[in-house]
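In our numbering, the protein residues as written are 90 to 145.
Beta carbons: idealized from backbone N, C-alpha and C, even for Gly.
The next block holds one structure in the form of structure tokens; read it before the comments.
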């Protein structure tokens, strides 16, 4: 009985750990994508703003 209980607890702990890792990875990925999108947008805006200056 004790062995079963310990196994169950270990399994639950492992699953929780895996879930936590997955969540952190997902959040990191989303943050990275958001950052890249923001940088791209800023670059585009800068290009649009600087293009007429160069032309003039």
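Query - Continuous alpha helix (DSSP H) stretch holding residue 130: start and end - result: Residues 91-144.
Query - Cβ-heavy atom distance, residue 90 to the ligand ZN, below 7 Å - result: Inclusion of the ligand ZN in the displayed structure is not the case, the ligand content being empty and no account of it being possible.
Query raised in the report: Between the C-alpha atoms of residue 94 and residue 106, what's the straight-line distance to the nearest angstrom?
Result: The alpha-carbon atoms of residue 94 and residue 106 are separated by roughly 18 Å.
Query raised in the report: For residue 92, which residues from the same chain have a beta carbon less than 6 Å from its beta carbon, with the 5 sequence-adjacent residues on both sides left out?
Result: Result list for residue 92: empty, nothing under 6 Å.
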